[in-house]
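Written below as structure tokens is the structure these notes are about.
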């Protein structure tokens, strides 16, 4: 997304900063109109709006919704993680105290295309029946504590790393492999 893809006008509420998008657009504050109120009455319930951009290094969503004054963006807060691929997607908005100047993004509306991110989140399967615990991962699993780790890979490798490794047994302690190398 380039600066040309972002909306030029900003609809700001009375207490919002007028030059909200100017760092994103790399233009001076003269390109941003003066603040105007969004709606005169309170908004109760949810409204579906649109995520226009993410400001402040991705921590502040900029949204718009039908019925607001102007075509620009409102600074919002969010209850969910928002990412670049969410920009342009419909979002569910609620308003703190019904104030149309204080939107909160409650979620992203799912589209028919499915997951909005490039890859779906990783799946880890855990099976516990009281007798044993099985944890499964698709490619690699790492158990780590400080400088020590045990890594299991999809290819069948088991890597044990640490500054001190001890193998102790009260019975037979057997090392068996196609070849065994010491140092």
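In this note's numbering, the protein residues as written are -6 to 176.
Glycine is no exception: its CB is placed at the ideal position from the N, C-alpha and C atoms.
field: Euclidean distance between Cα positions of residue 132 and residue 147
entry: 5 Å
Looking at the secondary structure, which residues open and close the beta strand (DSSP E) in which residue 168 lies? Neither: residue 168 is in no beta strand (DSSP E) and is coded neither H nor E.
* **Beta bridge counterpart(s) of residue 71 as assigned by DSSP** => 98
Is the stretch 78 to 96 touching the stretch 119 to 133, taking contact as three or more C-beta pairs under 8 Å? no
Handout entry: Candidates 38, 171 and 173, of which the one nearest residue 96 by Cα
Key = 38
Self-check item: Where residue 43 sits in the DSSP three-state scheme
Solution: strand
Report the CB separation of residue 98 from residue 69 in whole angstroms; it is logged as a contact under 8 Å. 5 Å
With a cut-off of 8 Å, do at least 3 Cβ pairs link the stretch 139 to 158 to the stretch 167 to 175?
-> no
| Rounded to whole angstroms, how far is the Cβ of residue 86 from the Cβ of residue 42, which I believe are closer than 8 Å? | 5 Å
* **Environment of residue 36 [buried if 16+ CB atoms lie within 10 Å]** => buried
- Task: Tell me where the beta strand (DSSP E) around residue 156 begins and ends.
- Result: It is not in any beta strand (DSSP E) - residue 156 carries neither H nor E in the DSSP assignment.
With distance defined between alpha-carbon atoms, name the residue in 66, 59 and 101 nearest to residue 177. No answer is possible for residue 177: it lies beyond the span of the chain, which begins at -6 and ends at 176.
Within 10 angstroms of its Cβ, does residue 57 collect 16 or more other Cβ (buried), or is it exposed? buried
Taking all protein chains shown into account, do 16 or more other C-beta atoms lie within 10 angstroms of the C-beta of residue 71, making it buried, or fewer, making it exposed? buried
Assuming residue 60 contacts residue 84 under a Cβ cut-off of 8 Å, what Cβ separation, rounded to an integer in Å, is found between them?
No, residue 60 and residue 84 are not in contact; Cβ-Cβ is about 15 Å, not under 8 Å.
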